[in-house]
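Heads up: the protein sequence lines correspond to chains A and B, in order.
Going by numbering that gives the first Met the number 0, 475 is the number at position 476 of the first sequence; the sequence numbering is gapless.
Going by numbering that gives the first Met the number 0, 4 is the number at position 5 of the second sequence; the sequence numbering is gapless.
Remarks on the structure that follows.
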Amino acid sequence: MKPSSPRRAGPKQPLEIGRSVPRIDGLAKAVGAERYAVDEHPENLLWAGVKRAGAAHARILAVDTARAEALPGVFKILTRKDVPGTNRQGIVHKDQPVLAGSVVRYPGDPLALVLAETKDALARALDLIETRLEPLPAVFDPDQALKPGAPLVHEGRPKGNLLLGSTITTGQGRAALKDCPARIRAEFSVPAQRHGFLETENGVARQDESGLIHLTVSTQAPFRDRFEIGHALGLDPMRIRVVAPFLGGGFGGKDGSTVQCLLALAALHADGQPVKMVWGREESFQAGYTRHAARMRYELGAGLDGTLMALSCRLTLDTGAYAHLGGEVLALAVEHAAGPYRIPNVHIEGRAVYTNNPVAGAMRGFGVAQVAYAMERMMDLLAARLEIDPLELRRNNALHRGDRNACGVTLTGSTGMVDCLTAVADHPLWLSRKQWTAQTPRFKRRGVGLAAVHNAMGYGRGLADSAIARVELTERGTIRVFSGVTDMGQGNATAYAQIAGQILGQDDSMIDVVQPDTFQSLPSGSSAAGRTTYTFGKALITACETLRAKLFARAALMLMLEGPDDLAMVSGAVRHLPTARDLPLPVLARMFTEADRTAIAEAFMPVAKDNLTSGKEFRIGFPHLLFAHAAHAAFVEVDELTGQVEVEHYLAATEAGRVINPQSFDQQVQGAVAQGLGYALSEDMKFQEGRVRADSLATYVMPTSLDVPDIVSLPCQVEEPSGPFGLKGVGEVGMNGPLPAVANALASCGIDVRHAPLTPERVLEALAGKKPRRKQ
Amino acid sequence: MILRFTVNRKSVELETEPDCRVVDILREDLGLFGTKEGCGSGECGACTVLVDGEPRLSCLMLAAQLQGREVTTIEGLGTADSPHPIQSAMALHGGVQCGFCTPGMALTAAEFLTRQPAPDRLAIREALAGNFCRCTGYQKIVDAVQEASLVMAGNDRKKKP
């Protein structure tokens, strides 16, 4: 057990909620001392790698490993027959094989697992494995996949290629549209997006002499991994230990089994040697998870004064070859399809469809980034039709606390949508937007666009969203927090230190946060869904308060007091205020047995209680009770000759309850906006027959430092009464604004593009007055 | 081949294949895990090290190219007890999130600041354009480089009189 990081120099003051604190892991990372999973490099290790199918849909006739096995340096090659257990992985629907044995469903399917002594031998062995595949008809388009007679990605399902479908109807539903004086119809599409974390999927595993399997993995869900591996390989989950150091990025792409089951399988066959697997960038693109590509057909109805009256829409998500989190992403897409607005009549139809494309799953803005684009474009189309200011249209229809949202959930939590819109409306950049566009240079166009977005927090109804915090006074008299939820870069570990520091009155040199280890920390769910700091933080507050009560009780004994009153936590000690006597924590620590030095507490996220009549198909993750909100404004300049879009200024007002750490808050907002600008302008995985065509960082174009402007982050703090110190999750909502804000900015200067990303090619087509091509 | 070079001011001699990648030598032979690999094809900048003082992508360099040269990795730029100003600034001003791009980013920035001690934000952005960061949106990294330039200018003033 090691403290998680060295400390920065400087004056010490107790960590506190609400103050900007540099992250506790910052310096260790900046000096290259922090160890990620990929830096685990035990001696005598074996390298593991996977032979992937390459074909989109095929029957597996043979996987011939003989030539590869004969290669010097090859330790072992495993195929389907070597997999014990069910061979099935998947978070909700277990439909994905660890190693495919009979059918290939997309080019990334793994057919053989090679263990070799060197990376060279591994690469050569993978080349020498021969596969005989009988091609089957494949389907790559979700609409085609739903037609009768379409090739079936999974045989024997009553609903064919439909993974999950549901329709939400409230009020008069679609029928209400005919009474609307203003009606707008449009169709939109978005492509698959890649998380683009810099540390690719990887891990190390070893089976020890007692049969226990140890894994160190770059994962967002170490506790779930244990059960995934146990289920897939028929192992006792408690005989599996998963350690999750700080991640080199995740964004949802490490939520679910990537290398985990393969590594555990390799470890079972490695005679006790450690096994390491690191996906290359190309493999990460082909076999990792993506954001769902989507097609969205919208019809919005309003009164002539702009009051929203009815919405009808149909959402089709391409979930790829395996379910993974497709149904749950769909649930959020449906739930957010109407935006953060009051609409009394809605009919929202959603479908997640199997194809032979790469597997789609969780990504920051989980189903919401897609629909926010469509809905926010609809709002601007409506504003233009009715000649109403787009900001006023949004402000007049925005949900308030106490309103029922489009799915019928009464918003009892903080609902700061109007606050965010007002923060943008009052900002000098927004107020001067007309002067800015009036100064457009020759051969350029300038536009300003707005988006109002929200994002649910937590797992939603259907499964307990809980976390268990463990905090300990160490023998040395320091405070140690055992985190159960990975820090993938969002800074939750620092927030935990702040919470402990606030309650226990200690500075950062006295507190360390141990990253998740299923043998030391306690089950706390995944690092996902904007629920990480909320849920674990709530549990941690109780645990720290329990520990503080214990410290006071023991201190009272040592100081010969009648009771624990009049004691306070001060830096490094418990102080008796009336006598100013200090009991140093190291001294106090010796009063405790190990079990007694520990406090454990659990917390649950509240769920919506409303009795909804539709959406029953969503058994997990629908609906939600709490939402974060944001209003974004993008100032763009378009080159009429090249179609290039530059984002010159960007405003992001965000309401996520109270802010625990302003620096972390801004980081989350700015980072999400940058990722969203990539989604808006350049990122497109481009599938062709299930293969990713843009499978390197050269062809898949992510924003560089020159593509992202300085982003003005405006915090709109509204206390969330249920949250730890009033906070909600801020990680995801910022992802949802950039695409619609930029698209609206383009539309405001006469460039109407309905299909993302908004590439120069599409911009030029729109400028030339051509009908936008539908393409994913 | 017998490869002799200097890494972080220490001489190193090791037996290796001439076509072994420098990133692998640093990480696997020398245990300098601060150097990160993000893409393996020279696009992300995470594996940047300084070779004879200049930023180079260690995933694109081979052992033979290191012969007799001087390498600085992130561990050689500074340590937790004695960090380089860019390392402190990255940590203090929020330039670090997941931190995987940070070593490459810090080395690129450190070398840039020796050439351009008082850069504006655009110059900083241009200098960092070869280093991807997926977490921060770059803004706080630019802040950190600016901050480091001020600290370094202050240090210079202290040294000169």
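Backbone N, C-alpha and C define an ideal beta-carbon position, used for all residues, glycine too.
Collapsed DSSP secondary structure at residue i in the structure displayed
{"i": "residue 109(A)", "result": "strand"}
{"i": "residue 683(A)", "result": "coil"}
{"i": "residue 73(B)", "result": "helix"}
{"i": "residue 19(B)", "result": "coil"}
{"i": "residue 433(A)", "result": "helix"}
{"i": "residue 63(A)", "result": "strand"}
{"i": "residue 136(B)", "result": "coil"}
{"i": "residue 694(A)", "result": "coil"}
{"i": "residue 495(A)", "result": "helix"}
{"i": "residue 66(B)", "result": "coil"}
{"i": "residue 55(B)", "result": "strand"}
{"i": "residue 3(B)", "result": "strand"}
{"i": "residue 757(A)", "result": "coil"}
8 Å Cβ cutoff, residue i in contact with chain B
{"i": "residue 695(A)", "result": "yes"}
{"i": "residue 7(A)", "result": "In this predicted model, residue 7(A) has a pLDDT of only 45, less than 50, meaning its place in the structure is not dependable; the value taken from the coordinates is given anyway. Yes, contact with chain B."}
{"i": "residue 365(A)", "result": "no"}
{"i": "residue 245(A)", "result": "yes"}
{"i": "residue 421(A)", "result": "no"}
{"i": "residue 26(A)", "result": "yes"}
{"i": "residue 173(A)", "result": "no"}
Inter-residue spacing [alpha-carbon to alpha-carbon] between residue i and residue j
{"i": "residue 136(A)", "j": "residue 143(A)", "result": "12 Å"}
{"i": "residue 446(A)", "j": "residue 92(B)", "result": "32 Å"}
{"i": "residue 102(A)", "j": "residue 56(A)", "result": "7 Å"}
{"i": "residue 26(A)", "j": "residue 90(B)", "result": "5 Å"}
{"i": "residue 302(A)", "j": "residue 360(A)", "result": "38 Å"}
{"i": "residue 197(A)", "j": "residue 90(A)", "result": "24 Å"}
{"i": "residue 247(A)", "j": "residue 217(A)", "result": "8 Å"}
{"i": "residue 755(A)", "j": "residue 140(B)", "result": "28 Å"}
{"i": "residue 501(A)", "j": "residue 149(B)", "result": "32 Å"}
{"i": "residue 540(A)", "j": "residue 723(A)", "result": "7 Å"}
{"i": "residue 286(A)", "j": "residue 109(A)", "result": "9 Å"}
{"i": "residue 748(A)", "j": "residue 345(A)", "result": "31 Å"}
{"i": "residue 94(A)", "j": "residue 321(A)", "result": "6 Å"}
{"i": "residue 558(A)", "j": "residue 511(A)", "result": "27 Å"}
{"i": "residue 636(A)", "j": "residue 648(A)", "result": "10 Å"}
{"i": "residue 435(A)", "j": "residue 427(A)", "result": "11 Å"}
{"i": "residue 735(A)", "j": "residue 384(A)", "result": "24 Å"}
{"i": "residue 573(A)", "j": "residue 601(A)", "result": "26 Å"}
Short CB-CB distance (under 8 Å) between residue i and chain A
{"i": "residue 77(B)", "result": "yes"}
{"i": "residue 101(B)", "result": "yes"}
{"i": "residue 45(B)", "result": "yes"}
{"i": "residue 38(B)", "result": "yes"}
{"i": "residue 74(B)", "result": "yes"}
{"i": "residue 35(B)", "result": "yes"}
{"i": "residue 151(B)", "result": "no"}
{"i": "residue 11(B)", "result": "no"}
{"i": "residue 4(B)", "result": "no"}
CA nearest to the CA of residue i, picked from the options
{"i": "residue 171(A)", "options": "288(A), 263(A), 347(A)", "result": "347(A)"}
{"i": "residue 684(A)", "options": "738(A), 573(A), 345(A), 694(A)", "result": "694(A)"}
{"i": "residue 264(A)", "options": "240(A), 232(A), 289(A), 284(A)", "result": "232(A)"}
{"i": "residue 628(A)", "options": "657(A), 173(A), 639(A)", "result": "657(A)"}
{"i": "residue 678(A)", "options": "229(A), 471(A), 485(A), 706(A)", "result": "706(A)"}
{"i": "residue 187(A)", "options": "644(A), 110(A), 739(A), 310(A)", "result": "739(A)"}
{"i": "residue 245(A)", "options": "99(A), 534(A), 38(A), 397(A)", "result": "38(A)"}
{"i": "residue 14(A)", "options": "503(A), 209(A), 270(A), 544(A)", "result": "503(A)"}
{"i": "residue 252(A)", "options": "465(A), 424(A), 652(A), 357(A)", "result": "357(A)"}
{"i": "residue 555(A)", "options": "578(A), 542(A), 570(A)", "result": "578(A)"}
{"i": "residue 138(A)", "options": "127(A), 129(A), 151(A)", "result": "151(A)"}
Cutoff 8 Å: residue i Cβ touching any chain E Cβ
{"i": "residue 21(A)", "result": "The structure shown contains no chain E; the protein chains it does contain are A and B."}
Any chance you could list the alpha helix (DSSP H) runs of at least 4 consecutive residues sitting entirely within the segment 704 to 741 of chain A, in chain order?
none
At 3 residues or longer, what runs of the beta strand (DSSP E) sit wholly inside the segment 572 to 623 of chain A?
572 to 575, 580 to 583, 597 to 603
May I have a chain-ordered list of the alpha helix (DSSP H) segments no shorter than 4 residues that lie completely inside the segment 183 to 257 of chain A?
221 to 232
I'd like the ranges of any alpha helix (DSSP H) spanning at least 4 consecutive residues and lying wholly in the segment 391 to 474 of chain A.
416 to 424, 427 to 430, 432 to 437
Beta strand (DSSP E) segments (min. 3 residues) lying fully within the segment 121 to 187 of chain A:
129 to 134, 161 to 169
Enumerate, from N- to C-terminal direction, the unbroken alpha helix (DSSP H) stretches of 4 or more residues contained entirely within the segment 265 to 333 of chain A.
280 to 286
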